[in-house]
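Residue numbers (the numbering used here), protein chains in the order written: chain A, 6 to 546; chain E, 4 to 406. Note that CB positions come from ideal geometry on N, CA and C, so glycine has one too. Bear in mind the structure is a predicted one, so any value in this text is a computation, not a measurement. Heads up: the structure comes next, in structure tokens.
If you want it as structure tokens, here you go:
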């Protein structure tokens with residue numbers, strides 16, 4: 006009997022959404038390609054294809070990790086997640102930048118990096134990293150917009166319930182409309198960056214400054230791809246925003262409107278593209294050339310008029326000074342330009358070989374530690390993905406198994422190193438029983454909304470315990486909430502809400518909705534504030 | 004879409020500065036998508052013709068279907084079209100009908116929705132609002148069809164078990180118990196001659212056959228030439244039952260009119276309410292309808308009753324004084340009012356003395372209805388009390404009594 010595939014993790018998109026995310030990634034790839042083409046003008050033999058591929062993967066990864074990170078209430082967890090992610094990405098970028106100049110360059114770089122680890126970071130890496138960070142951010146923002154444009158998670162409560170009236174009279178938000186506007190702005194911003202880079206990559210700067218450079222023909226493939234995908238995304242976004250509005254207003258939609266919309270929009274775009282291709286470009290260029298010419302002549306005339314005026318004023322001033330007898334008749338002798346001091350050659354500081362080796366060792370230890378740490382978490386955070394790949398079989402399953410094995414091995418290595426380190430340091434550590442109380446609790450990583458709610462409740466209990474309102478083992482959650490309520494002032498309500506959510510998540514057969522997590526997180530924060538305030542003001546009687 | 008124009012301007016500037024042909028094509032394409040998209044949406048939406056079909060006049064309790072026809076007369080398809088038809092809340096809840104659809108070239112689509120006519124009235128339907136747009140959402144087209152369209156819902160008609168209205172009009176078609184109203188055209192049998200019988204009533208053939216004198220017995224009948232006086236003066240109703248009582252008065256008037264028409268009697272209507280269709284008229288109330296027979300008489304009465312509303316103008320005594328001048332002697336007057344005020348009795352007595360047969364129906368009775376009934380009986384006016392619709396169904400008006 007074939008085992009059923011595991012459930013899709015919440016941060017992985019569904020099949021319909023995956024296509025849109027792939028489109029965003031392709032747009033980001035196009036953007037990176039244009040930057041790579043510009044870089045190829047500077048660095049000889051630089052191939053931007055790998056950079057574009059990295060940007061493609063980076064965007065997909067960024068969107069997934071953003072969704073993953075938003076599930077965690079603790080900022081420190083989110084920060085750790087992104088840090089781990091970025092260390093892996095920077096390492097990948099370093100390799101890609103070297104490989105883009107050919108395998109020979111990588112072979113030449115490796116011994117150099119081994120000898121001088123600080124050589125890993127150079128100007129190229131910084132610039133490419135900044136560009137990729139922008140791409141990463143753009144991709145994430147577009148992904149968020151798509152998420153906001155998706156179907157509303159909140160389903161109306163049953164019509165015979167009291168909550169239905171509250172749902173019916175809730176303030177209507179136009180979240181999809183705002184998301185569509187934002188998506189358009191992001192698309193336009195990315196498009197301008199792409200066009201600028203692609204244009205500069207094709208431009209001869211020397212000729213361009215004269216404004217008389219020849220026109221450049223040919224298709225900019227990545228720009229075409231970017232804007233084609235952008236059109237599809239924007240049209241889809243507009244449809245999704247309208248659909249959300251109709252859903253909110255409970256307007257029935259007749260027939261297969263979505264399919265007809267797609268067909269008509271595509272046909273319209275193709276027709277307009279055909280018309281646009283028939284339009285001439287040269288007259289437009291000539292028109293702009295003429296405009297530039299006129300502008301140039303106006304500038305020249307203005308400059309000459311200014312010079313003439315200045316000369317006239319100078320002459321008048323000179324005459325005035327002569328009249329007053331202030332001007333010296335003798336011409337001043339030309340002043341010799343000051344001579345620049347010639348820099349003296351500095352003696353090269355020769356560092357000891359053992360010192361250099363130690364520096365290298367330390368740096369490499371740091372780099373390896375950071376990369377291993379990031380890799381372990383990178384693999385661990387994406388458990389669902391590996392499980393899906395394993396269930397599908399084929400080469401991807403082999404790759405997933407390999408990645409998991411490497412991560413397991415690295416995790417074991419780290420655990421054993423940690424054990425040794427703790428054993429080594431335990432000799433000097435004083436035994437303090439109070440430390441056991443303040444030991445940081447280790448929480449399991451929540452995988453779904455149910456676990457998340459339980460985690461938030463337990464975090465809340467930790468805060469109330471710190472405030473001196475610990476729960477006794479014999480108390481049920483409701484009993485505890487009733488007892489703690491009078492001491493917590495405004496936090497009592499939050500504790501009650503968290504208790505109800507916790508009991509439902511703990512004992513209900515139905516999975517809680519992921520949308521419950523956000524409000525509960527807010528409740529947890531308010532409870533934490535109330536506990537801290539209680540701690541600061543002292544315990545109540 | 005914010006930022007689009009800025010983007011296009013920057014793109015054009017970039018194309019001109021960098022002199023890249025492809026950028027110009029890109030500009031043409033994007034500008035074309037925006038401009039032609041707008042033109043498409045505008046042209047296509049304006050080519051849509053819409054119409055609304057419905058029965059126009061419906062009886063209370065019916066659920067007529069309204070058919071909205073949308074016809075794209077143009078050759079361009081309509082990408083999306085949101086239809087919003089506004090309706091009175093009395094006919095549909097929520098008070099609108101909405102639908103989103105797409106129309107192909109020359110396509111005709113009919114949308115149907117029901118109305119729930121449970122409140123009499125004269126309703127205006129619409130306006131019909133259409134909304135459309137382009138694929139990128141750069142423009143939104145709003146069109147409104149405010150062609151006047153009305154629907155009349157007749158008041159509820161309750162089939163009456165009977166109507167105990169007295170009459171003094173001879174030679175009608177309604178049987179009567181009063182022998183003085185015998186109709187010589189309706190022979191109902193023979194009897195032996197008694198002294199004092201008119202010689203004209205002797206049936207000579209029957210007398211010859213029997214061997215003794217026989218006289219014809221004639222069926223006594225009356226005609227009910229009735230005019231309903233419906234009082235809709237606001238002061239005639241207690242504030243607590245204002246709406247319920249006025250509606251009940253209208254239902255009672257419609258039911259009485261219907262019963263009379265079904266029994267082939269002439270019926271007319273006079274009211275002091277406000278007719279929304281007679282807005283420009285200077286008269287304090289709509290013109291009275293003289294008694295007429297048949298369905299042609301009933302429909303105008305029901306239409307007026309459908310749209311009539313409460314008014315602050317003339318009171319019931321003034322209406323009676325003015326509108327009874329044109330009525331024939333012996334006509335029956337059915338006066339339907341709310342609270343029976345003291346000043347109404349002198350007016351009713353005057354009508355009685357003028358030869359009219361008056362019947363009083365109170366739909367908003369006070370606690371002293373017994374006293375009203377007694378006082379009305381003293382001047383020879385039968386009084387009825389109707390508290391709710393079921394009173395009409397139970398035959399309160401036929402029994403001639405009160406609750």
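Between the CA atoms of residue j and residue i - distance to the nearest angstrom
i: residue 293 of chain A; j: residue 86 of chain E; result: 46 Å
i: residue 158 of chain A; j: residue 519 of chain A; result: Confidence is the limiting factor: at residue 158 of chain A the pLDDT is only 48, short of 50, which leaves the residue's position unreliable and the question unanswerable from this model.
i: residue 310 of chain E; j: residue 357 of chain E; result: 32 Å
i: residue 377 of chain E; j: residue 392 of chain E; result: 24 Å
i: residue 22 of chain E; j: residue 225 of chain A; result: 13 Å
i: residue 104 of chain E; j: residue 303 of chain E; result: 41 Å
i: residue 343 of chain E; j: residue 240 of chain E; result: 9 Å
i: residue 24 of chain A; j: residue 537 of chain A; result: 46 Å
i: residue 7 of chain E; j: residue 146 of chain A; result: 18 Å
i: residue 125 of chain A; j: residue 150 of chain A; result: 36 Å
i: residue 442 of chain A; j: residue 414 of chain A; result: Confidence is the limiting factor: at residue 442 of chain A the pLDDT is only 41, short of 50, which leaves the residue's position unreliable, though a coordinate-based value still follows. Near 32 Å, if we compare the C-alpha coordinates of residue 414 of chain A and residue 442 of chain A.
i: residue 43 of chain A; j: residue 196 of chain A; result: 15 Å
i: residue 345 of chain E; j: residue 367 of chain E; result: 15 Å
i: residue 94 of chain E; j: residue 118 of chain E; result: 6 Å
i: residue 456 of chain A; j: residue 379 of chain A; result: 24 Å
i: residue 446 of chain A; j: residue 250 of chain A; result: Reliability fails at residue 446 of chain A, whose pLDDT of 46 lies under 50, so the model's placement of it is uncertain and no value is given.
i: residue 12 of chain E; j: residue 34 of chain E; result: 10 Å
i: residue 126 of chain E; j: residue 66 of chain E; result: 15 Å
i: residue 54 of chain E; j: residue 109 of chain E; result: 15 Å
i: residue 28 of chain A; j: residue 65 of chain A; result: 10 Å
i: residue 362 of chain E; j: residue 192 of chain E; result: 33 Å
i: residue 120 of chain A; j: residue 478 of chain A; result: 59 Å
i: residue 268 of chain E; j: residue 330 of chain E; result: 15 Å
i: residue 471 of chain A; j: residue 247 of chain A; result: 49 Å
i: residue 181 of chain A; j: residue 384 of chain A; result: 33 Å
i: residue 372 of chain E; j: residue 237 of chain E; result: 20 Å
i: residue 437 of chain A; j: residue 431 of chain A; result: Here the model assigns residue 437 of chain A a pLDDT of 46, short of 50, so the residue's position is not dependable, and the following value carries that caveat. Going by the C-alpha atoms only, they are around 12 Å apart.
i: residue 324 of chain E; j: residue 120 of chain E; result: 36 Å
i: residue 213 of chain E; j: residue 333 of chain E; result: 41 Å
i: residue 82 of chain E; j: residue 49 of chain E; result: 13 Å
Sub-8 Å separation of residue i and residue j beta-carbons
i: residue 96 of chain A; j: residue 86 of chain A; result: no
i: residue 123 of chain E; j: residue 253 of chain E; result: yes
i: residue 355 of chain E; j: residue 375 of chain E; result: no
i: residue 193 of chain A; j: residue 10 of chain E; result: yes
i: residue 138 of chain E; j: residue 259 of chain A; result: no
i: residue 500 of chain A; j: residue 465 of chain A; result: yes
i: residue 347 of chain E; j: residue 232 of chain E; result: no
i: residue 128 of chain E; j: residue 59 of chain E; result: no
i: residue 115 of chain E; j: residue 84 of chain E; result: no
i: residue 408 of chain A; j: residue 391 of chain A; result: yes
i: residue 245 of chain E; j: residue 260 of chain E; result: no
i: residue 256 of chain E; j: residue 339 of chain E; result: yes
i: residue 575 of chain A; j: residue 35 of chain A; result: Since the first and last residues shown for chain A are 6 and 546, residue 575 of chain A lies out of range.
i: residue 32 of chain E; j: residue 268 of chain A; result: no
i: residue 418 of chain A; j: residue 405 of chain A; result: no
i: residue 461 of chain A; j: residue 529 of chain A; result: yes
i: residue 163 of chain E; j: residue 51 of chain E; result: no
i: residue 130 of chain A; j: residue 83 of chain A; result: no
i: residue 215 of chain E; j: residue 195 of chain E; result: yes
Beta-carbon separation (whole angstroms), residue i vs residue j, contact threshold 8 Å
i: residue 322 of chain E; j: residue 288 of chain E; result: 7 Å
i: residue 88 of chain E; j: residue 131 of chain E; result: 5 Å
i: residue 41 of chain A; j: residue 56 of chain A; result: 4 Å
i: residue 547 of chain A; j: residue 468 of chain A; result: The question about residue 547 of chain A has no answer here: the residues shown for chain A are numbered 6 through 546.
i: residue 146 of chain E; j: residue 113 of chain E; result: With a Cβ gap of about 19 Å, residue 146 of chain E and residue 113 of chain E do not count as contacting.
Beta bridge counterpart(s) of residue i as assigned by DSSP
i: residue 295 of chain E; result: E:270
i: residue 101 of chain E; result: E:87
i: residue 217 of chain E; result: E:195
i: residue 135 of chain E; result: E:84, E:144
i: residue 531 of chain A; result: Beta-bridge pairing links residue 531 of chain A to no other residue.
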